[in-house]
Amino acid sequence: MAKTTNMMIGIFAVLGTVGCGKDEALPPKPDDLSCGEYEFDYDAGVWECDDRTSRYYGHYFYGGTWFQSRQALHAYAPYQKYKQSPGFKKGFGSGSAVSGS
Amino acid sequence: MSDRISFYNTIHDFWPDLYGQPYALYDVLLISKETTEQLRDASTRASHIFFKVASLLRRLDEETLLAMYYPKEAIPFLRLTSSLSESVIARLDFVESNEGFKVMELNADTPTFIKELFSVNKQVCAHFRCADVNEGEAYKLQMAVQEAVDISAGRDDAYIVFTAHEDNDEDRLTVLYLQQLYGKASRFVPLDKLQIIPHEGLYDEKGKKIDVLYRQTFPIESLLLDYDEAGAPIGQMLLSLVCAGKLKVINPPSAFLLQNKAVQAVIWGLHEERNSFFSDEEHEWIAKHFLPTYLEEDTFLMKRMPYVKKPIFGREGDTVELYDGKGSKTLEETQKSYEAYGFVYQQYVDLPVLQIDVNGQKQDGHMMYGSFLLNGRASSIGCRVGGKITNNVAYYLPLGIQKDEG
């Protein structure tokens, strides 16, 4: 199992660095109760609804608004600003309801 | 002329035969609504798992990516994110086992079988007077293609090119079908007519710069093997253009990230140790719909279980081998085009057998289901019937919906 083990060591190393230890650096989790479970999407830098019973399952939450797809999120001008900002993925904008533009 | 050929001759721009052999069967397999729902549920769950892993893969160090057999030249390309879904059009391949539908693989980068399921299936079902299992999905495909191109283009005057090997009917006609669905200004330019100027751009045969390249049937790992007459690595140059933002490609780079079959070994490895990367529900989905997959055969030999050896970037059964629980080879595909990269080893599950009619001759075949994902959402489903290893000469068997009983 040397090859599989070697590969999984690399996987666990990344999970270790992006897991519990850095949760406090993420934007605050949305407080919108229409989704019971959130998961942070590291690529998009926003929270995604992971509650299968919610009508927003699989949607992204940014600036107080739900987006059905990553495409829709990327098309949203305030998100584009956020993505280019130094605060991207570091806590500004994602969980709040005010987008600033 | 057979009924099969007479019928399929009425469908334009289709390929009822492939490689000089019958491909599309003149028949419909009727399946229950319940089966279609189970297959779509399995697709939705598997899609969620694969797409979740994509963001993890992009953060891996080079050493781990190489351990997964990604080509070194493609690594900067793999880390790119785009405004598109991880894969705009992907196809999951399932086997129906005693324990439900199990994923054999995800064809995330360059799946074909598109025109058959989204267009031809409807016409076959109308001919045999049954309900199309993929009713309404062609419109969703059109929306997905238009959205992907428009987002990639970013402006109205972008130059959109659809490309494929011109001499391959299946590839060319599949891509032309997608271009037709796109329905806006674009051109089809055969692969061999594309020209590249390093660090500047990709151009058509008339020297016009291309902004978006729709390459539905042209795999990245094949692209990396392309050199021009002077020996320049034009495939790598093209990926460099994508990395520099001078060209957009569809499917996006992340589709190649997920095309690697070692991704299934990553998913299974995380599942086996109940890693918290997946929720309890996701672990249940993996247990239900994924097959144990590793980078070596040790586990199967220890448990004396039959297994399949598959090339990391293989397609259409090419280079696949079957082994029994003692590690003896029981079957191998004669086509061996994908030995250059590494292999994964996956638990073997028998493909169900059914009787089919090929030009009036009854014969038994092994069946598997293909299930398309449009931006990760379950879409059209279809059936291939062939040998124990489903290869590029396996038949396309159209699917219809059984009428409700009672």
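Protein sequences, first through last, are from chains A and B.
Read in order, the letters of the first sequence correspond to residues 1 to 101 in the working numbering.
Read in order, the letters of the second sequence correspond to residues 1 to 406 in the working numbering.
Note that beta-carbon positions come from the ideal geometry of N, C-alpha and C, so glycine has one too.
(message) I need the straight-line Cα distance from residue 400 of chain B to residue 182 of chain B, nearest angstrom please.
(response) 26 angstroms
(message) Suppose the cutoff is 6 angstroms on Cβ atoms and the five residues either side in sequence are ignored; what does the same chain contact list for residue 389 of chain B look like?
(response) 317, 320 and 333
(request) Return the chain-ordered ranges of every alpha helix (DSSP H) run that is complete within the segment 179-204 of chain B and spans a minimum of 4 residues. (result) none
(request) Mark residue 114 of chain B as exposed unless 16 or more other C-beta atoms lie within 10 angstroms of its C-beta, in which case mark it buried. (result) buried
(message) Within 9 angstroms of any Cβ in chain B, is that where the Cβ of residue 29 of chain A sits?
(response) no
(request) Pull out every residue of the segment 59-78 of chain A whose Cβ sits closer than 8 angstroms to any Cβ of chain B, in chain order. (result) 69, 70, 71, 74 and 75
(message) Against chain A, does residue 319 of chain B count as a neighbour if the rule is that its beta carbon must be under 9 angstroms from one of theirs?
(response) no
(request) Find the residues of chain B that neighbour residue 41 of chain A, judging by a C-beta separation of less than 7 angstroms, and give them in chain order. (result) 55
(request) Determine the chain A residues that contact residue 275 of chain B at a beta-carbon separation under 9 angstroms, and present them in chain order. (result) 11, 12 and 15
(message) On the CB-based measure, 16 or more other CB atoms within 10 Å of its CB, does residue 144 of chain B come out buried or exposed?
(response) buried
(message) Suppose contacts are defined by Cβ-Cβ distances below 9 angstroms. Is residue 312 of chain B in contact with residue 69 of chain B by that definition?
(response) yes
(request) Report the residue from B:41, B:404, B:121 and B:340 whose alpha carbon sits nearest the alpha carbon of residue 407 of chain B. (result) Nothing can be reported for residue 407 of chain B, as the shown portion of chain B is limited to 1 through 406.
(message) For a quick check, are the C-beta atoms of residue 77 of chain B and residue 220 of chain B less than 9 angstroms apart?
(response) yes
(message) Considering only DSSP beta bridges, list what residue 10 of chain A is partnered with.
(response) Paired residue(s): none; residue 10 of chain A is not in a bridge.
(message) Can you pull the chain B neighbours of residue 53 of chain A, defined as C-beta to C-beta under 8 angstroms?
(response) Chain B residues near residue 53 of chain A: none, gap ~11 angstroms exceeds 8 angstroms.
(request) Give the DSSP-derived three-state secondary structure of residue 54 of chain A in the structure shown. (result) coil
(message) Counting only Cβ pairs nearer than 7 angstroms, list the residues of chain B close to residue 81 of chain A.
(response) Result: empty, since nearest Cβ-Cβ is about 15 angstroms, beyond 7 angstroms.
(request) Apply the 10 Å Cβ neighbour rule to residue 1 of chain B and answer buried if 16 or more other Cβ atoms are within range, or exposed otherwise. (result) exposed
(message) Does the structure place the segment 84-99 of chain B close enough to the segment 247-254 of chain B that three or more beta carbon pairs sit under 8 angstroms?
(response) yes
(message) Looking at residue 92 of chain B: is its Cβ nearer than 9 angstroms to the Cβ of residue 118 of chain B?
(response) no
(request) Look at residue 365 of chain B and residue 342 of chain B and say whether their C-beta atoms are less than 9 angstroms apart. (result) no
(message) Ignoring anything shorter than 4 residues, give me the alpha helix (DSSP H) runs that lie fully in the segment 33-59 of chain B, in order along the chain.
(response) 33-57
(message) Below 8 angstroms on C-beta distance, what does residue 151 of chain B contact in chain A?
(response) 71, 74 and 75
(request) Kindly provide the ranges of any alpha helix (DSSP H) runs that are 4 or more residues long and lie completely inside the segment 107-136 of chain B, ordered along the chain. (result) 121-127
(message) Helix, strand or coil, according to DSSP, for residue 174 of chain B in the structure here?
(response) helix
(message) Is residue 375 of chain B close to chain A? Criterion is C-beta to C-beta, closer than 9 angstroms.
(response) yes
(request) For the alpha helix (DSSP H) containing residue 285 of chain B, list its first residue and its last residue. (result) 280-289
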